[in-house]
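Residue numbers (my numbering), protein chains in the order written: chain A, 728 to 840; chain B, 728 to 840.
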DNA sequence: GGCAAAGTTCGATGTTTATCGAACTGTGAA
DNA sequence: TTCACAGTTCGATAAACATCGAACTTTGCC
């Protein structure tokens, strides 16, 4: 598979990270990863009702904004949160995501739009 | 002039507020208001190199996302940050804006793109 | 080799967005 | 009332974005 270049977090602006988090699906992904406490996810493990292409797109946006790390493992690509780095560069950001309850707070497994 | 309806912050999602802050001009406005420590600004006091129409647009986006309060005073409209409410609803958000230095950190008075 | 599984890339499409100038609306003052 | 000032609203335009199905690429496995 491909290589996954990781941007240097120092070069990411607040605006860019905010843009990455301005989509409900993407906030949902970050929240899931936060709640999973370090566990990695394969793309299609994320319970989103979207096509493969769109899912891949959202993960790419998050990766390019410095939020995600992706490791290739066989045919899968395991994705995790760059938690420590993010806490250093944008202190309070992840806490905010975790503390702010999702829009449709009835949602259980799969993300609400 | 018009009335300025204020949304209830409880109804604003994290995604919406993130979207409002996903533009460099708008982050600049919020940062200015934060640094001004409670002082109100008239629209055209904000040192942005944009047309009146665009400036008005950005302020509207921020207002509709619950970030700004606008008070009519004569022909001007004085704008301020809903600081306390925001700290209650999105704890850490404004600290984050304040703590994260602007992109072009050489910028002095007027906002960098 | 042949095949399935997991992602990515490639158009295409429809929606949203930022931006502007121009026209409009109130307000206050001469 | 006439004028200027501060904002808003209205097209219009160009760029960015979300979304999908289809085609493609890698990898692992039989």
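Backbone N, C-alpha and C define an ideal beta-carbon position, used for all residues, glycine too. Remember, it's a predicted structure, so these values are computed and weren't measured experimentally.
Considering only beta carbons, the part of the region 732 to 746 of chain B lying closer than 7 Å to chain A consists of 740, 741, 742, 745, 746, in chain order.
For residue 742(A), the closest of 731(B), 755(B), 740(B), 768(B) by C-alpha to C-alpha distance is 755(B). With respect to the 7 Å criterion, residue 790(A) and residue 797(A) are classified as neighbours on the basis of their beta carbons.
The Cβ neighbour count for residue 751(B), taken over all protein chains shown within 10 Å, is at least 16; the residue is labelled buried.
In summary, residue 821(B) is buried, with 16 or more beta-carbon neighbours lying within 10 Å of its beta-carbon over all protein chains present.
Between the alpha carbons of residue 793(B) and residue 784(B) lies a distance of about 14 Å. Annotated as distal: residue 764(B) and residue 749(A), with beta-carbon spacing of 7 Å or more. For residue 776(B), the closest Cβ of chain A is not nearer than 7 Å.
Proximity of chain B to residue 783(A) at the Cβ level (cut-off 7 Å) is not reached, the minimal Cβ distance being about 20 Å.
Close to residue 754(A), with beta-carbon spacing below 7 Å, are these residues of chain B in chain order: 741, 742. The count of Cβ pairs closer than 8 Å, one atom from the region 813 to 820 of chain A and one from the region 767 to 776 of chain A, stays below three, leaving the stretches out of contact. The C-beta distance from residue 825(B) to residue 760(B) rounds to 10 Å, too long to meet the 8 Å contact threshold. For residue 759(A), no Cβ of chain B is located within less than 7 Å of the residue's own Cβ. Within the DSSP secondary-structure output, residue 796(B) pairs in a beta bridge with 807(B). Membership of residue 762(B) in the alpha helix (DSSP H) is indicated by the continuous run 751 to 762. Between residue 801(B) and residue 766(B), the alpha-carbon positions lie close to 18 Å from each other.
Listed by position along chain B, the residues whose Cβ is nearer than 7 Å to that of residue 819(A) are 819, 822, 823. If you ignore the 5 residues before and after residue 736(B), its C-beta comes within less than 6 Å of the C-beta of 793, 812, 816, all in its own chain and listed in chain order. Cα atoms of residue 731(B) and residue 734(A): separation of roughly 41 Å, rounded to the nearest angstrom. Interface annotation, residue 748(A): in contact with chain B, CB-CB separation under 7 Å. The C-beta of residue 799(B) has fewer than 16 other C-beta atoms within 10 Å across all chains shown, which makes the residue exposed. Scanning its chain for C-beta atoms nearer than 8 Å, with the 5 sequence neighbours on each side dropped, one finds around residue 758(A) the residues 824, 825, 829, in chain order.
Residue contact check for residue 827(B) against chain A: a CB pair falls below 7 Å.
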